[in-house]
Amino acid sequence: MHCLSVFWLFLLAWVAFGAQAALSPIQDQHPQCSAIINKQQQEMLAELNLARTQPMSYAQIVADKFSNLGADGLYRSSGKLYKIQEGRAVIEETLAFLKQVKPVMPLSLSRCLSLSALYHVQDQSKTGAVGHQGKDGSQATERAQKFLVGVLPYCGENISYGPQNVRDIVIQLLIDDGVSGRGHRKNVFDPRYRTIGLASGTHRVYGYMSVHVLCLNPLQN
């Protein structure tokens, strides 16, 4: 049996709304950010933006995903048995949230921020560590700054460990099973976030991980 609620972690970067006008834009033309955006990153961006811009429609996607969820919190997906810690209640809570939340603008994908996310994936891939702090003591904003020139970024971060399917990752961030405060869900729908970096890879303990670096700074191509 698999538990889908293991270690979906979050970090919020709190910045006053009035400060957004002064945020420096992220520029992806720098030579160190010349990496090509791959298909998985494109699909992840599309899935996140589908949820952000069409939450009512996404509620049906979530409902269909858990249509066979039992009273004991168990359901089958792709032939495997999974357990939701909080049971049906957290699914109903998620559906209610998606049906009432206001749509927000889509995120723009940054190559530089994606390299920042990849830096953290590579850091934890070999060690099996979890969480937002890198082995060098860095947090999301500090890692983002390593790959940005002349920009002070304001960033938060979502990390999932376990799921590999793009839709499964996004749905679990929205459900936030077992996470008090539903910080990942709030991150996904925070209207202040303008830009995102995405990277995924293997994880020594959980098999797979996905890092989403969300920043308040707009993207300038």
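Heads up: the sequence shown runs through residues -21 to -1, 1 to 200, numbered per mature numbering (1 follows the signal peptide of the UniProt record, and there is no 0).
Using N, Cα and C, we set each Cβ at its ideal position, and we do this for glycine too.
Just so you know, these numbers come straight off a predicted model, no measurement behind them.
inquiry  = Please return the same chain residues whose Cβ sits closer than 7 angstroms to the Cβ of Leu29, not counting the five positions on each side in sequence.
reply    = Tyr37
request  = Would you check if the stretch 50 to 61 and the stretch 181 to 188 touch, i.e. whether three or more CB-CB distances between them fall below 8 angstroms?
outcome  = Not touching, per the Cβ criterion.
ask   = Can you give the beta carbon distance from Leu88 to Ile175, rounded, assuming they're within the 8 angstroms contact cut?
value = 6 angstroms
message = Beta-carbon within less than 7 angstroms of Val69's beta-carbon, same chain only, minus the 5 sequence neighbours each way: which residues are those?
response = Ile63, Ile154 and Asp156
request  = Check whether the stretch 31 to 49 touches the stretch 68 to 87, taking contact to mean three or more Cβ pairs, one atom from each stretch, closer than 8 angstroms.
outcome  = yes
query = Does DSSP classify Arg173 as helix, strand or coil?
reply = Of the three classes helix, strand and coil, the one that applies to Arg173 here is coil, per DSSP.
request  = State the CB to CB distance for the pair Ala96 and Ala178, rounded to an integer number of angstroms; the pair is presumed to be in contact (CB under 8 angstroms).
outcome  = 4 angstroms
ask   = Which ranges does the beta strand (DSSP E) cover as unbroken runs of at least 3 residues, wholly within the stretch 47 to 86, from first to last along the chain?
value = The DSSP assignment places 53 to 56 and 59 to 62 as complete runs of the beta strand (DSSP E) inside the stretch 47 to 86, in order along the chain (cut-off: 3 residues).
ask   = Between which two residues does the alpha helix (DSSP H) harbouring Lys193 extend?
value = The displayed chain sequence assigns Leu, not Lys, to residue 193. Element bounds for Leu193: not the alpha helix (DSSP H) but the beta strand (DSSP E), Gly186 to Cys194.
Boundaries (first-last residue) of the beta strand (DSSP E) holding Gly135 = Cys134 to Tyr140
6 angstroms CB neighbourhood of Asp102 in its chain, flanking five on each side removed = Gly113 and Lys114
message = Just list the residues that DSSP pairs Thr181 with in beta bridges.
response = Tyr187
query = When you compare only the Cα positions, how much space is there between Ser117 and His99?
reply = 9 angstroms
task = From the DSSP output, in three-state form, read off Leu88 for me.
result = strand
key: Ile148 versus Gln199 - alpha carbon distance   = 28 angstroms
Element boundaries [alpha helix (DSSP H), containing Ala123] = Ala119 to Lys125
task = Assign Arg55 to one of two classes, buried (16 or more other C-beta atoms within 10 Å of its C-beta) or exposed (fewer than that).
result = exposed
key: Straight-line gap, Val128 to Ile40 (C-alpha atoms, nearest Å)   = 39 angstroms
key: Gln112 (DSSP reduced to helix, strand or coil)   = For Gln112, the secondary structure class from DSSP, reduced to helix, strand or coil, is coil.
message = Taking the straight line between their C-alpha atoms, what separation do you get for Cys91 and Ala108?
response = Each residue's CA atom was taken as its position, placing Cys91 and Ala108 some 23 angstroms apart.
task = Give the secondary structure of residue 207 by DSSP, where H, G and I count as helix, E and B as strand, and everything else as coil.
result = Outside the displayed span of the chain (-21 to 200) sits residue 207, for which this structure offers no information.
task = Look at the alpha carbon of Met188 and the alpha carbon of Gly180, and state the distance between them as a whole number of angstroms.
result = 6 angstroms
inquiry  = In this structure, how does DSSP classify Gln19 when only helix, strand and coil are distinguished?
reply    = helix
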